[in-house]
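K.L.:
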Amino acid sequence: MTKTAVVLVALAVAIASSPVRAQSSTANWAPVEEALGRKGVMQPGDVIKFSFPRSDLAVTVGGVTLKPALALGGWLAFKETAKGQAMAMGDLVLTDDEVGAVMRALQSGGVEQTALHNHLLNESPHVMYMHVSAHGDATKIARTLHDALALTRTPLGPAAAPSAPSAADLDTAGIANALGVRGKLNGVVYQVSVSRKEKITEMGNEVPPSMGVSTAINFQPTGGGKAAITGDFVLRGSEVNPVLRALRDHGIDVTALHSHMIDEEPRLYFMHFWANDDAVTLAKGLRAALDKTH
Numbered sequence: 006m007t008k009t010a011v012v013l014v015a016l017a018v019a020i021a022s023s024p025v026r027a028q029s030s031t032a033n034w035a036p037v038e039e040a041l042g043r044k045g046v047m048q049p050g051d052v053i054k055f056s057f058p059r060s061d062l063a064v065t066v067g068g069v070t071l072k073p074a075l076a077l078g079g080w081l082a083f084k085e086t087a088k089g090q091a092m093a094m095g096d097l098v099l100t101d102d103e104v105g106a107v108m109r110a111l112q113s114g115g116v117e118q119t120a121l122h123n124h125l126l127n128e129s130p131h132v133m134y135m136h137v138s139a140h141g142d143a144t145k146i147a148r149t150l151h152d153a154l155a156l157t158r159t160p161l162g163p164a165a166a167p168s169a170p171s172a173a174d175l176d177t178a179g180i181a182n183a184l185g186v187r188g189k190l191n192g193v194v195y196q197v198s199v200s201r202k203e204k205i206t207e208m209g210n211e212v213p214p215s216m217g218v219s220t221a222i223n224f225q226p227t228g229g230g231k232a233a234i235t236g237d238f239v240l241r242g243s244e245v246n247p248v249l250r251a252l253r254d255h256g257i258d259v260t261a262l263h264s265h266m267i268d269e270e271p272r273l274y275f276m277h278f279w280a281n282d283d284a285v286t287l288a289k290g291l292r293a294a295l296d297k298t299h
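The numbering of the sequence shown is the working numbering, which starts it at 6 and goes up by one.
(1) Mark T144 as exposed unless 16 or more other C-beta atoms lie within 10 angstroms of its C-beta, in which case mark it buried.
(2) Under a Cβ-count criterion, where at least 16 other Cβ atoms within 10 Å of its own Cβ denotes burial, should K84 be classed as buried or exposed?
(3) Using the DSSP secondary-structure output, state which residues sit across from L270 in a beta bridge.
(4) Measuring alpha carbon to alpha carbon, tell me which of P247, Q196, S129 ends up nearest L62.
(5) Give the C-beta separation of D268 and M208 to the nearest angstrom, bearing in mind that I take them to be a contact with Cβ-Cβ under 8 Å.
(6) Taking the alpha-carbon positions, what's the V248 to T298 distance?
(7) Can you check whether the CB of K231 is closer than 8 Å to the CB of D176?
(8) For Q236, which beta-bridge partners are listed by DSSP?
(9) Please state whether DSSP places L295 in a helix, a strand or coil.
(10) Using the beta-carbon count (16 or more within 10 Å), is N246 buried or exposed?
(11) Using the three-state DSSP reduction, which class does D61 fall into: helix, strand or coil?
(12) Tell me the start and end of each unbroken alpha helix (DSSP H) in the segment 71 to 114 that is at least 4 residues and wholly inside, in chain order.
(13) Measuring CB atoms only, is the segment 232 to 241 touching the segment 89 to 98, in the sense that at least three cross pairs come out at less than 8 Å?
(14) At the level of alpha carbons, what is the spacing between N259 and L291?
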């Protein structure tokens, strides 16, 4: 066989095999998708992620009405740990009156709570964030999570088609240049994710960045080149106060500091923030904070 023929055969095999792997990976999660009532999206690290945005809520902070993609995006992520078994993590966005019923339903189904707290300050109505974790049969976990969410006003029908990306009134190129990291538009919200360099584990299982251990930075345009920003920095203990000082030195308020998990290695802290000012100027402040992290 000629060299050309060998190359063509290899290319044909690669093309033919790639879709099979992708379909197989997605098909493995079909029972979980059925239990949750919506399709998931495959993420790096063999993680499937489901979004549950609180599009039913009209939450305001300082006169800014929050887009779900800015700070109201509940989510669940699953990763296979053994045949038929999985680890699941997530963050449920709840109103005060929903917390108790959801906690009871999750506990009765074997899904644990690893944190319950605020992410924002002075929002109206008040919103809580419940971080969840489970190990075991993926479909059973998904059913428990679905049944718990059914006790809330979270929209549970098939996920709406994503809104068309729009960079109107937001200098995304300037933001990316200032941050040194490019993001992507989710509707009008510009979202940036920055992974840590360490390997994160929980109960001996690796937790990929796509399961909630990446620093998240979101920009929502508020007019005149300004943006409301929020998200969370994922930090080691030694980084907490240097990052806090860097944010405050650049006019960015720290709104919460807490854990999201319980048994992770290394130990991580999550610092939430808020500001509404010139988007590129804020990006420079966020870059100064990122420079204090690994």
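For every residue, glycine included, the Cβ atom is placed at its ideal position computed from N, Cα and C. Predicted model only: the values in this text are computed from it and were never measured.
P.N.:
Reading off the structure:
(1) buried
(2) buried
(3) Inspection of the sequence shows that residue 270 is occupied by Glu rather than by Leu. BP columns for E270 point to T206.
(4) Each of P247, Q196, S129 was checked against the Cα of L62, and the nearest Cα belongs to S129.
(5) A Cβ-Cβ separation of about 6 Å places D268 in contact with M208 under the 8 Å criterion.
(6) 8 Å
(7) no
(8) Reading off the sequence shown, one finds Gly at residue 236, where the question assumed Gln. Answer is I222, F278.
(9) helix
(10) exposed
(11) coil
(12) 73 to 76, 104 to 113
(13) no
(14) Sequence inspection shows Val at residue 259; the Asn mentioned does not correspond to that position. Between V259 and L291, the C-alpha separation is close to 12 Å.
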